[in-house]
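There are 2 protein chains.
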Amino acid sequence: MPDLNETHDPALKSWIASANDRACDFPIQNLPFGVFRRKGQNEPFRVGVAIGDQILDLSAAQSAGAFSGPAARAAAACAAPSLNAFMMMGPAAWSALRLSLSHVLRQSSTLADRLHGCLVPQSHAEHALPAHIGDYTDFYASIHHATSVGKLMRPDNPLLPNYKWVPIGYHGRGSSIRVSGLQFHRPLGQLLAPGAQAPTLAPSKRIDYELELGVFIGTGNELGERIRIADAEAHVFGLCLLNDWSARDIQTWEYQPLGPFLAKSFATTISPWIVTLEALAPYRIAWRRADGDPPPLPYLDWPMIRHAGAIDIEFEVLIETARMRESGQAPQRLSRSNFRHAYWSVFQMVTHHTVNGCNLEPGDLFGTGTQSGPAAEEAGSLLELTVAGKQPLTLANGETRSFLEDGDSVIMRGWCANDDHPRIGLGDVVGRVLPAIRE
Amino acid sequence: MPDLNETHDPALKSWIASANDRACDFPIQNLPFGVFRRKGQNEPFRVGVAIGDQILDLSAAQSAGAFSGPAARAAAACAAPSLNAFMMMGPAAWSALRLSLSHVLRQSSTLADRLHGCLVPQSHAEHALPAHIGDYTDFYASIHHATSVGKLMRPDNPLLPNYKWVPIGYHGRGSSIRVSGLQFHRPLGQLLAPGAQAPTLAPSKRIDYELELGVFIGTGNELGERIRIADAEAHVFGLCLLNDWSARDIQTWEYQPLGPFLAKSFATTISPWIVTLEALAPYRIAWRRADGDPPPLPYLDWPMIRHAGAIDIEFEVLIETARMRESGQAPQRLSRSNFRHAYWSVFQMVTHHTVNGCNLEPGDLFGTGTQSGPAAEEAGSLLELTVAGKQPLTLANGETRSFLEDGDSVIMRGWCANDDHPRIGLGDVVGRVLPAIRE
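These protein sequence lines are chains P and D, in that order.
Just so we're aligned: 245 in this note's numbering is position 245 of the first sequence, and the numbers increase by one with no gaps anywhere.
Counting from 1 along the second sequence, just add 439 to a position and that's the residue number in this note's numbering.
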């Protein structure tokens, strides 16, 4: 199991009272990093750390004398509108700053008075992407998702022969990744109506979400080098939530033979905070294969993977339709799932991605693929929940959904908690579908 | 047809004598942009323009008073180790600088003496990528390539039903794009031997090249906006050569259902010079469909496309094996082809890419897909030339090749010429396969 240290101590409390609420996403054991500024102020984006319902402005805290030694050097790398410089410093620097943050934010800290002025309420903040994302790769790590999507296309042979051997992934579009809060117009695309001879250009009728984790690479590798499975952990900076918005009808028509393209590239949204791999250490669990599944090839195998290659992260997806919003109804949950069901570990993704010598760079983003669980109601997309629209969902207010309608918001949440350690959350990723621009 | 102007005048000569050689890639009618520094000097990379066998250092020329007005503002944007800032200025700026360059490099220029000190011989220079590439998209625009590759997999149904409607493309890996001259180790990957039950990790046995053009985007679009076909030209900065190195055996095993991934991401190489769209104007030709092919959907159709949507660019691919190099033999040509055969125009790629609202950014790169011509000997890859290795080539020195061997260099060349206008070249893109690193 990864080492735990004093920053994981479940007994720690913060002088910021909201961080001590047990339902809070950001207790002192979490300390995720993001990039923010105060709303409505024409000021630069900068790095902050979420604590309770506040954000600690790292540069302001640095100026207030919060850090020294390696932590101060790490905080200096955060004096930027992105985390890339900090990411490339590596795990020792990440850990040093986390430890210092844990010290200065603890109830016992003597710096509380001085640091009070470095806090910005989260409700007063807006976010930018936490890092400049050079390349974005989307994996396909849930065998339950791959099987149920495969079943829709190939009922007799849902899972392709490579699935149990290859951590399948593909390159995604980086430029259209946005932070939570995005509202986007329903995309146009070529659609082939059933029985039609020719496609037409029209707004997608099958807009879907996909529940994924985002994985931010910290340190990279040189072109031609490999990241061995024993070293993979040290390259992962942290995780966020990711919604891989998808246009299923565009996808069906375009994706052969080279994979999804415009069906995905119109928008991808991520939650604003990156929860570090160190913060997730108490929630690491054994990574297992089902009986009869082949063992991973040696380059993807390592004792740490088997002991602690998976992470127990609980997910839920909610929908808020325009009617719910207008009538003041709470968003309705569509499904729950857990990252423990993933067939491939995050660390296997890192190693596989580089086995051919492909270079990763600080700030590169992986999507894990849709994280559907084994039960039908644990599906991470409407495609699965409605069996490609054939079994529409009826919502509590009587509305039905096969796919997303204009005005629908999708909210994804993720959190960890177990008997020995408190809840830490990934925060929310929210996005809304607007009507197509037709002209 | 695109407008021609005085920079295209075939009668123009330069005071740099090598630019007046008719076999030269870089006469005064070309004026391509790149990023270079003097070899062995620990100096910054900077923007230059190729002229004959020389490079004009743009910042040095600016300091020497070569430019004024809009051209000076454009040249100021070139005071950087990449072309991105210049690219985002748009066609008027690109044109103004080109016109000024044409003036100061002409035989009649009064600045020849002053600018002489701003030249660096190409043989003394090394190159960086001409731009920071945010996203890289690879298209599949040769119907001849799509058909012959499809035939290897589906003899009865080589071309998929979407091909004639959709400019098929997929996201590629940006981080592993390098400028001409790269030597890379044969990649490892999962390979499934014929009849085997399980894959093994081993060096690829089927390394191939793919002859493509690279298309650099100049100005981008906002997320949610479309670039209409009537506006597409104004977003294209220029073209280079691109070798989309491919590991066919890795590709066969990994590519279903999400497309090529590690089979491509180990290396992509481009030629150092970007030939601007304006320089290519005299070589634009009508874009045609074969009888019986459907007309493009309206969003991909426009009179300019039909009149001048294609570009007459001649290609050749050569191999230099280790044995040729050691025995002083010249590289041997493997095939010739021409971009006029492309099924999709560069401008249709731009419009299609953004029809869903996906945003392009200055410096984004498109690959055109392998540019195979209609004849078998015009194929742009060994996969096609050797029928997937089943019909190995015999080289003039007696060596045979199914796919590339360690030590093989591949050289791609491209140029334009017609009765009314002189030859302008894209330069070469060269790369070499080194043995795998096995440990």
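C-beta atoms are modelled at their ideal positions from N, C-alpha and C, and glycine is treated no differently.
Taking residue 394 of chain P as reference, the option from P/332, P/425, P/433 with the minimal CA-CA separation is P/332. Here DSSP, grouped into helix, strand and coil, assigns residue 226 of chain P to coil. According to the DSSP assignment, residue 850 of chain D belongs to the beta strand (DSSP E) that extends over 848–855. For residue 520 of chain D, the closest alpha carbon among the candidates D/565, D/552, D/536, D/509 is that of D/565. Identification of chain P residues near residue 779 of chain D by a Cβ-Cβ cut-off of 9 Å yields none; the smallest Cβ-Cβ distance measures about 23 Å.
Residue 602 of chain D and residue 685 of chain D have their C-alpha atoms roughly 21 Å apart. In this structure, the alpha-carbon of residue 807 of chain D lies about 26 Å from that of residue 366 of chain P.
When rounded, the separation of the alpha-carbon atoms in residue 761 of chain D and residue 489 of chain D is 30 Å.
Between residue 120 of chain P and residue 54 of chain P, the CB-CB gap stays under 9 Å. Within chain P, the residues whose beta carbon sits less than 9 Å from that of residue 604 of chain D are 190, 192, 198, 199, 253, listed in sequence order. Secondary structure at residue 255 of chain P: coil, using DSSP grouped into helix, strand and coil. Between the stretch 853–863 of chain D and the stretch 619–631 of chain D there are fewer than three C-beta pairs closer than 8 Å, too few to call the two in contact.
Counting only runs of at least 3 residues, the stretch 61–114 of chain P fully encloses no beta strand (DSSP E) element at all. Looking at the DSSP output, residue 208 of chain P bridges to P/246. Neighbourhood of residue 173 of chain P in chain D, by CB distance below 7 Å: 574, 610, 797, in chain order.
Between the stretch 447–455 of chain D and the stretch 331–351 of chain P, the count of C-beta pairs closer than 8 Å stays below three; the two stretches do not touch. In the three-state reduction of the DSSP assignment, residue 444 of chain D falls in the coil class. Of all residues in the stretch 109–141 of chain P, those with a C-beta nearer than 7 Å to a C-beta of chain D are 134, 135, 140, reading in chain order. Residues of chain P whose Cβ lies closer than 9 Å to the Cβ of residue 842 of chain D do not exist, since the nearest Cβ in that chain is about 16 Å away.
Between residue 336 of chain P and residue 315 of chain P the beta-carbon gap is near 6 Å, inside 8 Å, which marks them as a contact. By the criterion of a C-beta distance shorter than 7 Å, residue 587 of chain D is surrounded in its chain by 811, 818, 823, once the five residues flanking it on both sides are discounted.
In this structure the stretch 679–699 of chain D lies against the stretch 649–656 of chain D, because at least three pairs of beta carbons, one per stretch, are closer than 8 Å. The DSSP-derived three-state label of residue 268 of chain P is strand.
At a cut-off of 9 Å between beta carbons, residue 361 of chain P contacts chain D. Residue 582 of chain D: member of the alpha helix (DSSP H) spanning 582–592, first to last residue. The C-beta of residue 42 of chain P has fewer than 16 other C-beta atoms within 10 Å across all chains shown, which makes the residue exposed. Nearest to residue 216 of chain P by C-alpha distance, out of P/438, P/9, P/233, P/206, is P/233. Scanning its chain for C-beta atoms nearer than 7 Å, with the 5 sequence neighbours on each side dropped, one finds around residue 2 of chain P the residues 281, 284, 308, in chain order. Within the same chain, Cβ atoms closer than 6 Å to the Cβ of residue 272 of chain P are found at 34, 127, 179, 180, the five residues on either side in sequence being excluded. Closest in C-alpha terms to residue 201 of chain P, from the list D/793, D/840, D/458, comes D/793. Closer than 9 Å to the CB of residue 248 of chain P there is not a single CB belonging to chain D.
Along the length of the stretch 308–368 of chain P, whole alpha helix (DSSP H) runs at least 4 residues long occupy 322–326, 346–354, reported in chain order. A distance of 9 Å or more separates the beta carbons of residue 511 of chain D and residue 525 of chain D. Residue 401 of chain P and residue 386 of chain P have their alpha carbons spaced roughly 8 Å apart.
For residue 126 of chain P, the enclosing beta strand (DSSP E) has its first and last residue at 125–128.
Along the stretch 734–759 of chain D, going in chain order, the ones with a CB nearer than 8 Å to a CB of chain P are 736, 737, 738.
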